[in-house]
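Visitor: Chains as they are written, first to last, in my numbering: chain B, -8 to 201; chain P, 41 to 532. Idealized CB from N, CA, C, for every residue including glycine. Keep in mind it's a predicted model, so treat the numbers as computed, not measured.
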Amino acid sequence: MSSRERILGRVRRALADVPPGEDSPVERGYLRRHGEGGASKTVALLAENLAEYRALVHRCAVGELPGVVAGLLAARGARSVLVPAGLDEGWLARSDVRRVADRAESTPAELDRVDSVITGCAVAVAETGTIVLDGSPDQGRRRITLVPDHHICVVRVPEQVVSSVPEALERLDPRRPLTWISGPSATSDIELDRVEGVHGPRTLEVVLAG
Amino acid sequence: MSGTFVGMPAFPEAARAAVSDETLRGNLRHATHTIRAKRAKAVAEVADWAQLREAGKRIKDHTLRHLDRYLVRLEESVTAAGGTVHWAADADEANRIVADLVKATGEREVVKVKSMATQEIGLNEALEAEGIRAYETDLAELIVQLGKDRPSHILVPAIHRNRGEIRDIFRREMGRWGRPAPDGLSDAPADLAEAARLHLREKFLRAKVGVSGANFMVAETGTLVVVESEGNGRMCLTLPETLISVVGIEKVVPTWRDLEVFLQTLPRSSTAERMNPYTSMWTGTTDGDGPRVFHLVLLDNGRTDTLADEVGRQALRCIRCSACLNVCPVYERAGGHAYGSVYPGPIGAILSPQLRGTASEVDASLPYASSLCGACYEVCPVAIDIPEVLVHLRERVAEGGEAVRDGNKVLLRPAKGHAAERAAMRAARWAFARPGALRAGQRLASRTRRLHPRTLPGPGRAWTAGRDLPAVPSEPFRDWWQRTRGGRDGER
C-alpha cells in the first residue's frame, strides 16, 4: 500500500463519527471591511498604516511622477535601477540613473549589485498598510523586488486601493505568484521587539500617484 | 516525532531546573509581557474579532471533518499547476523523501525557511546524516542553530536568549558556518539583525535548493502561503531552482476565500501586527519566476491519530500563532524547553501527547503542565478549548482507554504514578454514594482537625509541595445547615 493510500485510509477511519453526506457551509459573520469611508479616506488610511510600519510614503499627481521618482533615486544616491519590462517608461523620464532590465538570465549576485528597483503593484490594502505584487509586466519577477536594498513602489490611487484583506483577495488571481508587502523587512526575533531591516529591501518607498 | 528530545525528563523536573534560572526567567518575562500588551491592542482594533475567530474555527473544523476530500483536491490542484506531491506517513519517510530529492539535484546544501513541521521531524539532523548541510535562515532559528540549542517558542525559537547572549553566539559561531560576525559587534538588535543579513546573504545568493513549510495550502487552487517578517522566506522561496515544502496535512483550507479570515487573525495573534511584513503565495511553478521544480511533501506523523480523537482533534485547528504561549503563566516561568518538544506551551501540552502518544514520561506529564486557567483558550484565534483537551488527556493518562497509534486502535493501560490519584477518586466515589459514611467521615475530620498535618505524606507529598492543604471547618456544612435550618435562625 502506498503512503498516500495509507494516510487517506487513516483519515477516513478517524472520521467514522462524521455522518455521511454532512456538508455544512461555513457561516461568515465577519465584516467585508472595517468602517466606511470614501476613496480619499481609504487612501489616507493606507498612507497612515504604511508609514506606521516605516515605509516612506509620498503623494503626488500622476503628472508629477517622473519628477518625484527622479528625486527619490537622486536622494538615495542610486547609480542603477532595476526596471520591469512593462513599466511605464515615462515614470523614469526625468532620471538619468542607469536602467537595468529584469532579464531571466541575470543571477542573484548580479541583482545584488543593483542599487534600487521601481515597480507598480497589483493592489494596495488600506486597513493593513499592504501593497501586493503579482508579477505583472510592471512588477517583474519576484526576485527583483527582493535582492536590491531600495524598493520604490508606485500605487495608482484611488483605483488600486481597497479597504480590507477580503476585498484584496477578491481582486487577486491565485495562479500568479503573489507577494504581500507591509513595510520594509523586519524581525521580532530579539526579545519579541520589532526591528526594521533584515533580508528584504530595508528601504521601501511608496508613491501614491493620482 | 523526532528523536531530538529523547531522554527528556518529565515536565516537573525540567520545569524545576528552568524556574531556578534567573536569566531565563527574566528573558521570558520581558518578551512575553512585551507581546501580550501589543497583541491585545492589535486585536481590539478589529471590531469583528469574535466573528473572525468563530469563522476560523468553523473553516478548520469543516476542513478536518472532510480532510480526505480536501487533500485529494489539493493534490490535483498542485499537480495541475506543475508541482509534484509526495505523501509521508511518518517523520522517517518525510526525511527520506526530502533527502532523496536534494540528492537528485546533486547539491549538498539547502537553505531553509523556518518551519515547525521540519523541526518536528528532525529534518536537519536527517539531512546531516546524508551529508547535506541545512542552513536555517530565520533569525531566531539561526541563533538556535549557531548556539547548538533547541527551540523554545513556536514563533521566536530563541526567545530564551537575550541580546547579549545572541551577540556572544554570533561572535563565537558565525565564522564556523560562513561569514564571521562584524568586528566589534554590539548587542543592539539592529546591529544583530545586520550581522545576520551579511552572514546569510552569500548563502541565499548561491542557494540551489530551498526547503520550507507552509502556513496554509488552498485545496481549490493549489496555492501555498508562507507568512514571515524578515525576507528570508522570500529568499528561500524564490531564488533557488528547486523548492521542497514539507507541510502537515492539517494545514489545508478549502478555498481561496478562506485566507481572508486567517490573514487577518494570524498576524495580529502572533506578532501583534496588522499585517506581517511579507507574505508569499505560490501555485505550482511559474515560467521564468522562481523555482523551476516544486515538491510538496504532505506529512501525517501522528496527525491522523489525533484526528481520530473526537475531543482532541480540535488541536489540529492550530495555526501556530503562539498567542497561547505568550499568555501562559506556566510557560512564562518554565520556558519552552521543559515541554520536551518543538511545540511548547499550552498548545504543545495538547499537541505533543497526541502526535507522539503518551508512552514516554515527558508526554504523559504534559497534560498536567497547566493550571487550567483558560487564558490560552481566550486568546486562541481558532478557539481551541485547550483546557478541555488537557482534562481529556489527563483522563487518558490516569485511566487509560482506547486511542489510535500509527493508524491502529490500541488499548492504553493506566499510567504508572497515578495509582494514588485513582485510589483517591475511587474512595471519593464510594463515599459520595453513601451519605451515612460521608457524614461520619466529615464529623471525624472536623473533630480531629487540630491533628491534621500541613502537608500530605507519601504519594500526596507532591500535591502539597506547591499548595496548602485546605483547612477543615470545625463543623461540617451539612450539620450547620441542619442546626440553623439553612441559616434562617440567624445563628452562625
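Beta-carbon within less than 8 Å of P/R528's beta-carbon, same chain only, minus the 5 sequence neighbours each way: which residues are those?
Guide: Counting from one through the second sequence, the residue named residue 528 of chain P turns up at place 488. Nothing listed; no residue qualifies.
Visitor: I want to verify the contact list: residues of chain P whose CB lies under 8 Å from the CB of B/D8, in sequence order.
Guide: For this step, residue 8 of chain B is matched to residue 17 along the first sequence. Under the 8 Å cutoff, chain P gives E350.
Visitor: Which residues in the same chain as P/M41 place their Cβ atom closer than 8 Å to its Cβ, once the five residues preceding and following it in sequence are excluded?
Guide: Counted from its first residue, the second sequence places residue 41 of chain P at position 1. Its pLDDT being 45, under 50, P/M41 is placed unreliably by the model, and the measurement read from it follows with that caveat. A131, E160, I161, G162, N341, G342, S381, V382, S392, L395 and R396.
Visitor: Could you tell me the boundaries of the beta strand (DSSP E) in which P/T282 lies?
Guide: For the purposes of this step, residue 282 of chain P is taken as the residue at position 242 of the second sequence. Residues T282 to G288.
Visitor: Would you please state the rounded distance, in angstroms, between the beta carbons of P/D446 and P/D349? I believe it to be under 8 Å.
Guide: Here residue 446 of chain P corresponds to residue number 406 of the second sequence, with the count starting at 1. Here residue 349 of chain P corresponds to residue number 309 of the second sequence, with the count starting at 1. The Cβ separation is near 14 Å, so there is no contact.
Visitor: Taking all protein chains shown into account, do 16 or more other C-beta atoms lie within 10 angstroms of the C-beta of P/F517, making it buried, or fewer, making it exposed?
Guide: As a first step, residue 517 of chain P must be located in the second sequence, where it is residue number 477. Answer is exposed; the Cβ neighbour count stays below 16.
Visitor: Excluding the 5 residues flanking B/L83 on each side, which residues of the same chain have their C-beta closer than 8 Å to its C-beta?
Guide: Here the question's residue 83 of chain B lines up with position 92 in the first sequence. If we look at B/L83 and ignore the five residues flanking it on each side, its Cβ neighbours are P57, V60, A61, V72, V74, R90 and I109.
Visitor: Would you report the Cα separation of B/S31 and B/P149, rounded to the nearest angstrom?
Guide: In the first sequence, the residue the question calls residue 31 of chain B occupies position 40. In the first sequence, the residue the question calls residue 149 of chain B occupies position 158. Taking the straight line from one Cα to the other gives about 7 Å.
Visitor: B/D129 and B/R167 - do their beta-carbons sit closer together than 7 Å?
Guide: Position 176 of the first sequence holds residue 167 of chain B. Position 138 of the first sequence holds residue 129 of chain B. In this structure, B/D129 does not lie closer than 7 Å to B/R167 by Cβ.
Visitor: Using the C-alpha atoms, what's the distance from P/K449 back to P/A87?
Guide: Translated into the one-based positions of the second sequence, residue 87 of chain P becomes position 47. Translated into the one-based positions of the second sequence, residue 449 of chain P becomes position 409. About 45 Å.
Visitor: Assuming B/V145 and B/A200 form a contact by the criterion Cβ under 8 Å, report the distance between their Cβ atoms to the nearest whole angstrom.
Guide: Position 154 of the first sequence, counting from 1, holds the residue named residue 145 of chain B. Position 209 of the first sequence, counting from 1, holds the residue named residue 200 of chain B. Their Cβ separation, rounded to whole angstroms, is 6 Å, which keeps B/V145 and B/A200 in contact under 8 Å.
Visitor: In the DSSP assignment, find the beta strand (DSSP E) that holds B/A177 and state where it starts and stops.
Guide: Mapped onto the first sequence, residue 177 of chain B falls at position 186. A177 to I181 is the extent of the beta strand (DSSP E) around B/A177.
Visitor: Determine whether the beta carbon atoms of P/A230 and B/V186 lie at a separation below 7 Å.
Guide: For the purposes of this step, residue 230 of chain P is identified with residue 190 of the second sequence, where counting begins at 1. For the purposes of this step, residue 186 of chain B is identified with residue 195 of the first sequence, where counting begins at 1. Yes, they are a contact pair.
Visitor: Please list, in chain order, the chain B residues whose beta carbon lies closer than 7 Å to that of P/Y175.
Guide: On the second sequence, residue 175 of chain P is found 135 positions in, with the first residue counted as 1. Ordered by position in chain B, no residue passes the 7 Å Cβ test against P/Y175, which lies about 13 Å from the chain.
Visitor: With H, G and I counted as helix, E and B as strand and the rest as coil, what does DSSP make of P/K456?
Guide: In the second sequence, the residue the question calls residue 456 of chain P occupies position 416. Coil.
Visitor: For P/E116, which three-state DSSP category applies?
Guide: As a first step, residue 116 of chain P must be located in the second sequence, where it is residue number 76. Reduced to three states, the DSSP call for P/E116 is helix.
Visitor: For B/A200, name the three-state secondary structure that DSSP assigns.
Guide: Locating residue 200 of chain B in the first sequence gives position 209, where the first residue counts as 1. Of the three classes helix, strand and coil, the one that applies to B/A200 here is strand, per DSSP.
Visitor: My output table needs one value for P/D101: the three-state DSSP class, helix, strand or coil.
Guide: Within the second sequence, residue 101 of chain P is the residue found at index 61, counting from 1. Looking at P/D101 - three-state DSSP - the assignment turns out to be helix.
Visitor: Between the Cα of P/A139 and the Cα atoms of P/E115, P/K154 and P/E170, which residue gives the shortest distance?
Guide: The residue labelled residue 139 of chain P in the question sits at position 99 within the second sequence. When each option's Cα is compared against that of P/A139, the closest is P/E170.
Visitor: Could you check which residue in P/A71, P/N272 and P/A50 has the C-alpha nearest to that of P/A312?
Guide: Against the second sequence, residue 312 of chain P aligns to sequence position 272. Answer by Cα proximity: P/A71.
Visitor: Under three-state DSSP, which class holds P/S381?
Guide: On the second sequence, residue 381 of chain P is found 341 positions in, with the first residue counted as 1. In the structure shown, P/S381 sits in coil (DSSP, three-state: anything other than H, G, I, E or B).
Visitor: Between P/L347 and chain B, is any beta-carbon pair separated by less than 7 Å?
Guide: Locating residue 347 of chain P in the second sequence gives position 307, where the first residue counts as 1. Closer than 7 Å: yes.
Visitor: Measuring alpha carbon to alpha carbon, tell me which residue in P/I359, P/M275, P/D189 and P/V333 is nearest P/V293.
Guide: Counted from its first residue, the second sequence places residue 293 of chain P at position 253. Taking only the C-alpha atoms, the option nearest P/V293 is P/I359.
Visitor: Taking P/Y417 as part of the alpha helix (DSSP H), name the residues at either end of that continuous run.
Guide: By one-based count along the second sequence, residue 417 of chain P stands at place 377. Here the alpha helix (DSSP H) through P/Y417 covers A415 to V419.
Visitor: Could you tell me the alpha carbon to alpha carbon distance between P/P493 and P/T504, rounded to whole angstroms?
Guide: Position 453 of the second sequence, counted from the start, is the residue given in the question as residue 493 of chain P. Position 464 of the second sequence, counted from the start, is the residue given in the question as residue 504 of chain P. About 11 Å.
Visitor: Where DSSP assigns a beta bridge to P/Y318, which residues make up the other side?
Guide: Numbered from 1 along the second sequence, position 278 holds the residue referred to as residue 318 of chain P. Its beta-bridge partners are B/I172 and P/E268.
Visitor: Can you list, in chain order, the residues of its chain with a C-beta nearer than 6 Å to that of P/G43? Leave out the 5 residues immediately preceding and following it.
Guide: Within the second sequence, numbered from 1, the residue matching residue 43 of chain P stands at position 3. Here the model assigns P/G43 a pLDDT of 40, short of 50, so the residue's position is not dependable, and the following value carries that caveat. So no residue of the chain qualifies.
Visitor: Does any C-beta atom of chain B lie closer than 7 Å to the C-beta of P/V429?
Guide: As a working note, residue 429 of chain P is residue 389 in the second sequence. False, the Cβ-Cβ gap to chain B never drops below 7 Å.
Visitor: To which residues does DSSP link B/T110 through a beta bridge?
Guide: For the purposes of this step, residue 110 of chain B is taken as residue 119 along the first sequence, with counting starting at 1. Paired residues: B/C144.
Visitor: Could you confirm whether any beta carbon from chain B is found closer than 7 Å to the beta carbon of P/V370?
Guide: Mapped onto the second sequence, residue 370 of chain P falls at position 330. Not an interface residue.
Visitor: On the criterion of 16 or more Cβ atoms from any shown chain inside 10 Å, does P/F472 qualify as buried, or is it exposed?
Guide: Position 432 of the second sequence, counted from the first residue, corresponds to residue 472 of chain P. Exposed.
Visitor: Closest to P/S309 by CA distance: which of P/S410, P/C420 and P/I206 is it?
Guide: Within the second sequence, the letter at position 269 stands for residue 309 of chain P. Of the listed residues, the one whose Cα sits closest to P/S309 is P/C420.
Visitor: Consult DSSP for P/A54 and reduce its assignment to one of helix, strand or coil.
Guide: Taking the first residue of the second sequence as position 1, residue 54 of chain P is located at position 14. P/A54: helix per DSSP, three-state reduction.
Visitor: Look up P/E176 in the DSSP assignment and say whether it is helix, strand or coil.
Guide: Stepping through the second sequence from its first residue, residue 176 of chain P is reached at position 136. Looking at P/E176 - three-state DSSP - the assignment turns out to be strand.
Visitor: Starting from the beta carbon of B/S15, find every residue of chain P whose beta carbon is closer than 7 Å, and list them in chain order.
Guide: Numbered from its first residue, the first sequence carries residue 15 of chain B at position 24. The contacting residues are H102.
Visitor: Pairing CB atoms from the segment 280 to 299 of chain P with CB atoms from the segment 242 to 261 of chain P, are three or more of them under 8 Å?
Guide: The segment 280 to 299 of chain P, when compared against the segment 242 to 261 of chain P, does touch it at the 8 Å Cβ threshold.
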